[in-house]
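Below: one structure, written as structure tokens.
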Amino acid sequence: MTGGLDVRRLTLDPDRALPAEPGTRALARQIYAASAALPLVCMHGHVDASLLADDAPFTDPASMLITPDHYVTRLVHSAGVPLEALGIGPEEEREHDPRQIWRTFCAHWYLFRGTPSRFWLSHELVDVFGVTVAPSAETADLLFDEISERLAQPEFRPRALFERFGIELLATTDSPIATLDDHRRLAAEPGWAGRVIPTFRPDPLLNLDHANWAAEVAELARLTDIDTGDYEGFLAALGQRRRDFAAAGALATDHGHRTADTTPMPAADAARTYAARLAGEEISEAEATAFAAHMLFEMARMSVEDGLVLQLHPGVLRDHHRGVRRRYGSDRGFDIPVPVDYARGLRPLLDAFGRDPAFRMIVFTVDETTYSRELAPLAGVYPALKLGAPWWFLDSPEGMLRYRQAVTETAGFYNTTGFVDDTRAFASIPARHDLARRIDASYLARLVAEGHLGLDEAIETAMDLAYAIPRAAYAPRPARRAAAPAASRRTA
Amino acid sequence: MTGGLDVRRLTLDPDRALPAEPGTRALARQIYAASAALPLVCMHGHVDASLLADDAPFTDPASMLITPDHYVTRLVHSAGVPLEALGIGPEEEREHDPRQIWRTFCAHWYLFRGTPSRFWLSHELVDVFGVTVAPSAETADLLFDEISERLAQPEFRPRALFERFGIELLATTDSPIATLDDHRRLAAEPGWAGRVIPTFRPDPLLNLDHANWAAEVAELARLTDIDTGDYEGFLAALGQRRRDFAAAGALATDHGHRTADTTPMPAADAARTYAARLAGEEISEAEATAFAAHMLFEMARMSVEDGLVLQLHPGVLRDHHRGVRRRYGSDRGFDIPVPVDYARGLRPLLDAFGRDPAFRMIVFTVDETTYSRELAPLAGVYPALKLGAPWWFLDSPEGMLRYRQAVTETAGFYNTTGFVDDTRAFASIPARHDLARRIDASYLARLVAEGHLGLDEAIETAMDLAYAIPRAAYAPRPARRAAAPAASRRTA
Amino acid sequence: MTGGLDVRRLTLDPDRALPAEPGTRALARQIYAASAALPLVCMHGHVDASLLADDAPFTDPASMLITPDHYVTRLVHSAGVPLEALGIGPEEEREHDPRQIWRTFCAHWYLFRGTPSRFWLSHELVDVFGVTVAPSAETADLLFDEISERLAQPEFRPRALFERFGIELLATTDSPIATLDDHRRLAAEPGWAGRVIPTFRPDPLLNLDHANWAAEVAELARLTDIDTGDYEGFLAALGQRRRDFAAAGALATDHGHRTADTTPMPAADAARTYAARLAGEEISEAEATAFAAHMLFEMARMSVEDGLVLQLHPGVLRDHHRGVRRRYGSDRGFDIPVPVDYARGLRPLLDAFGRDPAFRMIVFTVDETTYSRELAPLAGVYPALKLGAPWWFLDSPEGMLRYRQAVTETAGFYNTTGFVDDTRAFASIPARHDLARRIDASYLARLVAEGHLGLDEAIETAMDLAYAIPRAAYAPRPARRAAAPAASRRTA
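Chains as they are written, first to last, in our numbering: chain G, 1 to 492; chain C, 493 to 984; chain A, 985 to 1476.
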């Protein structure tokens, strides 16, 4: 305490995010202890592979922790702070001094009370950077200097942190027209083969109303040397890139559609729509949505062939404020979830592939109403379907607890994927896994405390959720039994 | 523990499903103790009356507990086990050895962690069969032999279990074209009159796109000796069967519609649609849905006359996977809930009958979003409407707790029906009532612990929810005041 | 206890509504203690200004606490009691003896177990009236006499209670054609200027299918001396009344629309629709809804000019039972919530004004599914948008806790408005604020107990939620920084 100034200590409670009731907390501690140190399996990341391929040092806390993290910038903006003050916006109008940006963030630390960003940032500040005071207007400069100094040291470079974080496997998210050069560079380094793998994310190619569609289709042709001048060529080129990704280690595809619709079109109709778009004709939103639904069905068909796991996270109205997109670009915190109809939407796809042992689909949602009503019933019966971790806004203490409470009774633990992190913020990865393990331990501890489960079973389940279950969920389809969860190994 | 093998003890915690916090648990124990031994009122069962009329011994644990219970088979199937291995499917392809089926189930016991099936099955194994080890690949044969041996004893025959379970009244679910012979046989036995009663469930007759519709209509005519060749005759025959059911002790009708719509059609339109269907014309899904909505309104009108309570549970997409229905039939775990619009759907019916003292309607849902938004507000004002117990997937510890939390503040306890079990699994009935009483005790204990309710009131409410409230909810309308809850008797 | 009769003591647990777990309760007590005595800011009331302007004594408990409170009468009616017995309905058929009405209420006290009405009424009976026994058939007369006697004393007159309750500011809800005479009378009294302020609620004028629309439009013209014979005049007259309200102290407008749609129409179309309605042409429900959406957009535009805060609470099907409306009028408990699409509905308005520092909008909901899916994401990024307190049925212990649990992680505390009461029941105002402060303290205590927040931060947040945040949320836009929350003052 420094007389009158807002200087508060920042510490990490070793029992943080565990239940307050002493008996349940004691159980949760034991369960958490069993999973806490397991390696991190990161199947759905948005970190750029170049970060690790280049291994250049981070320069300062603002450009590392604030500007690129729209979880953080959106909340500061909600208090009326212009995005420019956080380093976002037109070159000539935005703040360029990282120290100023950091000061603005620190002065608004109070906004993060009760949010997962506060949990993650506190974890990073204390555990990664050894910081001991909380951000505030008064402490901003001190923290800026402290962290900047650390970042200059070799043990704070990306690969060193990767090792220190205990990451076993990091999947990135990549366009079909990405060269994957950074992945190849990494795979060529001693000890790095197979540790950073790409994920095939073709959204702009499957959404005919994407501004850049034609250019991407042309680049797809160039990369694959397949003529994408008609629909058949388009499919063939996509299939080729999927195989290229698989060869580069990819385990999955990733799809962010507006709806969960998966209704296939007759091939002739799809070909006609494709040709019309290619010819520059106007495509209505309804036509684009129908084509995307059709292509999702096609992606499933290809998954059966090449073994890539199909990930779907639909139901977001992107760029809610059009002026923000124009001035600041996408991913500024203005993507707003909307209701999703999974029961009817996924029916065509699941009818065709949902019981096929060669197929695996993982579904994420930000519409919690579907947990108990649709997703747990679907994942609780279709062998091909697993329910992904609570996504995005729901990757939080309350959000993860509600997920387990709403899902487990109908789908069990073994039809979920365990924890799947989903972040651009590299340094937050261990904090996110740690929080998920704490919440799963809390939920399991309550099951033990209330006589529903033995402690030995709870510990086994916690370990499975942290490691074996995500590995198994994303295992290439023919090989997936090799990585079956501990519980199934015991009894199979 | 038998060195290395997966042999875990199976016991029932006497405090299971009660809150972990010691003070609240002590209160919950007292509240639960007051309701635990009350008789079971089972108003919504799917047990076949022939089970009790024949009173034949069960033969083995697989055919008693596994194959007929789609809560169990669906979860084992979700892990990739073919339904055939569980005794389901074409005669020549399915497993016929109950011991093999039992082994498959036991090897997948871990899948049930955190599910209500685990709670019910554990209760049955320990409390009904005296088992002391948990199912696993290693213990499967031992359990199979132990349980089979018990089942051969007279005290494990259906009627003996009925007595032992403390069932006061069991309602079955029956087609209007059921003969009710088994009910009659039972009523003729000394001591069995009025203990097993039918429920009138006319879904296939009210849904014009039901495959068997024409045959059912013909059988309806035969049974009633009323010409169902036109809509008037159809209504008359339905009315006749309702009166037959009431005479056989029925207290209620039961309706599983796609939507909650209750819009009546002009009689001439209904007659025309009926005639078209009877003439074999194509009926669209929209026409069928509109006719079903109309018939629900007609059912309410008949309820006002004959006093049968109208039960509705809409909003399920039946047979989500068409191939499963073709190969394995319905009720295989592939029924998936969808959103329901109760506010607008029920409006015509409630506008007409919702304040009529001669009418009683009970609504169930698997769409939890409607609890606080629509159903509690409706049940909290319409005298004719009561809110049924959490249904199906929601008949679970978390599901029942969420129900009380979402419903009570707006509708109170006395506009719900108390516990209504809903199962094909005869031996699970006491476990289900026991779990419901524990959860209600838990919820009431928290109200006491947090100063919202006196312990005496909580105990009175728990007893009412277990016994007096369901009796009153299903009491024939003119007589219903006779069985008013204890709380209202005190004060009326 | 008076032998056999239902006479139970009525007391207030000092720890009521705080968590049962002793460690968390101790924290909650400290947090609650810091906010408990802060002044009441009542920004969304339905108390009539004449109550305070006239300052006439209340006559008896039934006409003060029962007949005007549809939260109470609806629940008694749900048990089958005719509304007439509660003093509601046609003059010649309804009960006129307040003692009889009070007896009917008291005999049904058990219906309120677990409801917030029970919490509020208990608080009022004990804390305001000094009652010591619970309502019941046996105690009804005793309580009636006791309370009636108190009400005759000067310290129970409206203004005396206002002072005793610690109300700093009370906003009423007023029609644009209200004269505001009562507000003026109060402002002229020594010590009363600015303590009772009007709120501009133009619903009947913006909804073209309102029965009284034409008469209201005519009265609007008379009051403003502006010709409302065309759409331009209509807008000008509304703008004039908004300025009159602001001059009388109003801080906000209030809008209860069917949907959240805010799509503007071309001015010419709006003018044409207005003219058609004025000419007495038939307006479809769709046209009326579209015009209302357009007018909401216009209200936002006017807010930017005059600084009034725009409050919206959409999504209620009013007068669900048409016969009840005809016989008993509106506001009888038959208003039923329906789902609301905020993401798409608010988009036009937020696109235009959501980042404008001169604009402030507060959104309420009774559709909890939108908390985590739409409203918290919107409030967590748009500077102009704040999320109102849990509204109506959700103004309850479980409802308020679910709100914080669903909203805080995405929007934080400082994008909510803190507590906003919403009641016709004058004597329940302190009970409502007290309950909200207890629930916020409970939620914050859990954050402290689980290591997410320091106790000092929790106390500061609780105080902000009770006082500084609602003051800031409703502050006139240019001046709003003056009343910034404590947390932001520390750091700004």
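Even glycine gets a Cβ: it sits at the ideal position worked out from N, Cα and C.
Note that this is a predicted model, so its numbers are computed, not measured.
(request) Reducing DSSP to helix, strand and coil, say where P1460 (chain A) ends up. (result) Three-state result, P1460 (chain A): coil.
(request) Could you round the C-beta distance between P608 (chain C) and D887 (chain C) to whole angstroms and report it? I think they count as a contact, below 8 Å. (result) Contact between P608 (chain C) and D887 (chain C) holds: their C-beta atoms lie close to 7 Å from each other, under 8 Å.
(message) Here's the rule: buried if 16 or more other CB atoms are within 10 angstroms of the residue's CB, otherwise exposed. What is E1434 (chain A)?
(response) Buried, by the Cβ-count rule.
(request) Just the chain C side, please: which residues come within less than 8 Å of D570 (chain G) by C-beta, in chain order? (result) The requested residue 570 (chain G) does not occur in the structure, where chain G is confined to residues 1 to 492.
(message) From the DSSP secondary-structure annotation, give me the bridge partner or partners of A744 (chain C).
(response) Beta-bridge partners of A744 (chain C) (DSSP): C:V801.
(message) Measuring CB atoms only, is the stretch 1163 to 1171 of chain A touching the stretch 1217 to 1233 of chain A, in the sense that at least three cross pairs come out at less than 8 Å?
(response) Yes, the stretch 1163 to 1171 of chain A touches the stretch 1217 to 1233 of chain A.
(request) For Y1366 (chain A), collect the residues of the same chain with a Cβ closer than 8 Å to its Cβ; drop the 5 residues on either side in sequence, then sort them by chain order. (result) Setting aside the 5 residues that flank it on each side, Y1366 (chain A) is surrounded in the same chain by L1334, G1338, R1339, each with a C-beta closer than 8 Å to its C-beta; the list follows chain order.
(message) Quick check: what's the CA-CA separation for S148 (chain G) versus D48 (chain G)?
(response) Their Cα atoms are separated by approximately 22 Å.
(request) Would you mind stating whether V343 (chain G) and L804 (chain C) have Cβ atoms separated by less than 8 Å? (result) Strictly speaking, residue 343 (chain G) in this sequence is Ala, with Val absent from that position. No; because the gap between Cβ atoms is not below 8 Å, this pair is not in contact.
(request) For the beta strand (DSSP E) containing E1152 (chain A), list its first residue and its last residue. (result) Per DSSP, E1152 (chain A) belongs to the beta strand (DSSP E) from 1151 to 1155.
(request) Measure the Cβ-Cβ separation of P198 (chain G) and T172 (chain G) and say whether it is below 8 Å. (result) Going by beta carbons, P198 (chain G) and T172 (chain G) fall inside the 8 Å limit.
(message) Quick check on DSSP: helix, strand or coil for D1038 (chain A)?
(response) Here D1038 (chain A) carries a helix assignment [DSSP, helix/strand/coil].
(request) Let me know the beta strand (DSSP E) ranges lying completely inside the stretch 1091 to 1124 of chain A, each 3 residues or longer, listed in chain order. (result) Here no run is fully enclosed.
(request) Could you pull the start and end residues of the beta strand (DSSP E) that L220 (chain G) belongs to? (result) Careful: L220 (chain G) lies outside any beta strand (DSSP E), inside the alpha helix (DSSP H) at 213 to 224.
(message) Looking at chain E, is there any beta carbon in it that lies within less than 8 Å of the beta carbon of R852 (chain C)?
(response) Looking at the structure shown, chain E is missing, and the protein chains on hand are G, C and A.
(request) Run the CB neighbour count on M985 (chain A), radius 10 Å, all protein chains shown included, and call it buried at 16 or more, exposed below. (result) For M985 (chain A), the pLDDT reaches just 34, beneath the cut-off of 50, and the residue's location in the model is therefore unreliable, although a value from the coordinates is still provided. When all chains shown are included, M985 (chain A) counts as exposed.
(message) Can you tell me where the alpha helix (DSSP H) holding L375 (chain G) begins and where it ends?
(response) Judged by DSSP secondary structure, L375 (chain G) falls outside any alpha helix (DSSP H); it is assigned neither H nor E.
(message) What does the alpha-carbon distance come out to for the pair A160 (chain G) and D97 (chain G)?
(response) Taken atom to atom, the span from the alpha-carbon of A160 (chain G) to that of D97 (chain G) is near 27 Å.
(request) For N1191 (chain A), return the contacting residues in chain G, with the cut-off set at a CB-CB distance below 8 Å. (result) Against chain G, a Cβ distance below 8 Å from N1191 (chain A) picks out nothing, because the smallest value is about 26 Å.
(request) Identify, in the order they occur along the chain, each residue of the same chain with its Cβ nearer than 6 Å to the Cβ of A358 (chain G), setting aside the five sequence neighbours on each side. (result) Once the five neighbours on either side are set aside, the close Cβ partners of A358 (chain G) are V304, R477.
(message) Any C-beta of chain C within less than 7 Å: which residues of the stretch 1109 to 1135 of chain A qualify?
(response) Residues S1120, A1121.
(request) Check whether the Cβ atoms of R1455 (chain A) and V1025 (chain A) sit closer than 8 Å, and answer yes or no. (result) If you check the CB distance, R1455 (chain A) and V1025 (chain A) come in under 8 Å.
(request) Tell me, to the nearest whole angstrom, how far the beta carbon of H749 (chain C) is from that of G1098 (chain A); I am working on the premise that it is less than 8 Å. (result) That pair is no contact at about 31 Å.
(message) To the nearest angstrom, how far is the alpha carbon of G503 (chain G) from that of S175 (chain G)?
(response) In this structure chain G extends from 1 to 492, so residue 503 (chain G) is not present and cannot be described.
(message) Just verifying my parser: in three-state terms, what is the DSSP assignment at P829 (chain C)?
(response) Looking at P829 (chain C) - three-state DSSP - the assignment turns out to be strand.
(request) Closer than 6 Å by C-beta to D753 (chain C): which residues in its own chain qualify, once you throw out the five before and the five after it? Chain order, please. (result) Hits under 6 Å: A785, G837.
(request) Answer with yes or no whether the minimum CB distance from L1431 (chain A) to chain G is below 8 Å. (result) Chain G, which has a Cβ nearer than 8 Å to the Cβ of L1431 (chain A), makes this yes.
(message) For a cutoff of 8 Å on Cβ pairs, would you count H675 (chain C) as touching chain A?
(response) For H675 (chain C), no CB of chain A lies under 8 Å from its own CB, so it is not counted at the interface with that chain.
(request) For P390 (chain G), collect the residues of the same chain with a Cβ closer than 7 Å to its Cβ; drop the 5 residues on either side in sequence, then sort them by chain order. (result) Closer than 7 Å at Cβ, skipping near neighbours: G399, M400, Y403.
(message) Tell me the DSSP secondary structure of R9 (chain G) in three-state form.
(response) R9 (chain G) carries a strand assignment under DSSP once its states are collapsed to helix, strand and coil.
(request) Take L12 (chain G) and list the residues in its own chain whose beta-carbon comes closer than 6 Å to its own, dropping the five residues that flank it on each side. (result) If we look at L12 (chain G) and ignore the five residues flanking it on each side, its Cβ neighbours are V126.
(message) Quick check on DSSP: helix, strand or coil for I1015 (chain A)?
(response) I1015 (chain A) sits in a helix when the DSSP states are folded into three classes.
(request) Out of G:D422, G:E460, G:Y328, point me to the one whose CA is closest to G87 (chain G)'s CA. (result) Residue nearest to G87 (chain G) within the set G:D422, G:E460, G:Y328 is G:Y328 (criterion: CA-CA distance).
(message) Would V1350 (chain A) pass as an interface residue toward chain G - the criterion being a Cβ-Cβ separation below 8 Å?
(response) No, because no Cβ of chain G sits closer than 8 Å to the Cβ of V1350 (chain A).
(request) Give me whichever residues DSSP pairs with L1301 (chain A) in a beta bridge. (result) Answer by DSSP bridge pairing, in chain order: A:I1320.
(message) Assess contact between the stretch 358 to 368 of chain G and the stretch 76 to 84 of chain G, defined as three or more Cβ pairs (one per stretch) separated by less than 8 Å. Is contact present?
(response) Using a C-beta cut-off of 8 Å, the stretch 358 to 368 of chain G makes no contact with the stretch 76 to 84 of chain G, since fewer than three inter-stretch Cβ pairs fall below that distance.
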